[in-house]
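Here full-length UniProt numbering is used: the first residue of the sequence shown is 1, the next is one more, and so on. All C-beta atoms, glycine included, are put in the ideal place defined by N, C-alpha and C. Quantities reported herein were computed from a predicted structural model and do not represent experimental measurements. Below: the structure, in structure tokens.
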Amino acid sequence: MDDWTEMMTARDRIEAVALTLREPRSVNWIKEQAAVGSWETTKSQLEYLTDAGQLTTVEIDNDTRYKIDPMRAYLDHIQELVVENTKNELRDELEAIASEIATWKREYDVNSIQELEASLGEELTPEEVRDRRKVITYWEENEHHRQLLTNALGLYDDLSAQDHGSNSSYPRHAD
């Protein structure tokens, strides 16, 4: 037996696989990846995760596929940022992103990611095109991360007030 099949229940393995999906997957695919023998157990756990708002379903070729609920994942990521970081750490990360983008603007003599993308049509060597495409990908990732960080900072005080105003076991933030 595999180590993880000995250490985790079938339902835990299904959840572990399902909550790391990068694209919609069928019950059979998830069952196989989770090393679960029962289709019914897999289907039942996936329905439970869907009802709990962690997964959503899509129909592809008359087959129900499961994927991570994008809104839930986004909100979970923001919560994780607040819980695991101080406000200053979030601000430092925003500063690092701004610095990296400013460096790219100077290096490629552009004012925006759109200008950098438009520059791909200029007469460039294949290496220069590859470099710019990499930077565009990093820039897009930075923009996405900047939005997450900004939202986390915006919610920081609200979550802090809720934490201090209740006796719940809700995780405390790192501040």
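Proximity winner among the options, relative to residue i (alpha-carbon distances)
i, options, result
"Tyr156", "Arg91, Leu21, Glu100 and Asp63", "Arg91"
"His144", "Trp104, His77 and Leu21", "His77"
"Glu40", "Ile97, Glu140 and Val27", "Val27"
"Glu117", "Met7, Ala52, Val135 and Pro126", "Val135"
"Gly154", "Glu47, Ile68 and Val82", "Val82"
"residue 180", "Leu124, Trp104, Asp12 and Pro126", "Summary: the structure shown does not reach residue 180, with the chain confined to residues 1 through 175, and so no result is reported for it."
CB of residue i within 9 Å of CB of residue j, strictly
i, j, result
"Leu120", "Arg106", "no"
"Ala34", "Val17", "yes"
"Gln45", "Leu19", "no"
"Leu49", "Glu93", "no"
"Thr42", "Ile14", "yes"
Opposing strand residues paired with residue i [DSSP bridges]
i, result
"Ser26", "Arg65"
"Val58", "Arg65"
Span separating the alpha-carbon of residue i from that of residue j
i, j, result
"Thr5", "Glu23", "24 Å"
"Pro70", "Ser99", "29 Å"
"Met1", "Ala10", "Unreliable positioning characterises Met1 in this predicted model, as indicated by a pLDDT of 46, which lies under 50. A coordinate reading is not provided."
"Val110", "Asp158", "37 Å"
"Asn151", "Leu21", "24 Å"
"Tyr170", "Arg146", "Since pLDDT at Tyr170 reaches only 44, below the 50 mark, its modelled position is unreliable, and no value is offered."
"Glu32", "Arg72", "25 Å"
"Asp175", "Ile97", "The pLDDT assigned to Asp175 is 48, lower than 50, so where the model puts this residue is not dependable; a value taken from the coordinates is nonetheless given after this. Going from the Cα of Asp175 to the Cα of Ile97 covers about 21 Å."
Whole-Å CB distance - residue i paired with residue j, under 8 Å assumed
i, j, result
"Tyr66", "Arg25", "6 Å"
"Ile113", "Glu140", "7 Å"
"Asn62", "Ile101", "Wrong, their Cβ atoms sit about 45 Å apart, outside the cutoff."
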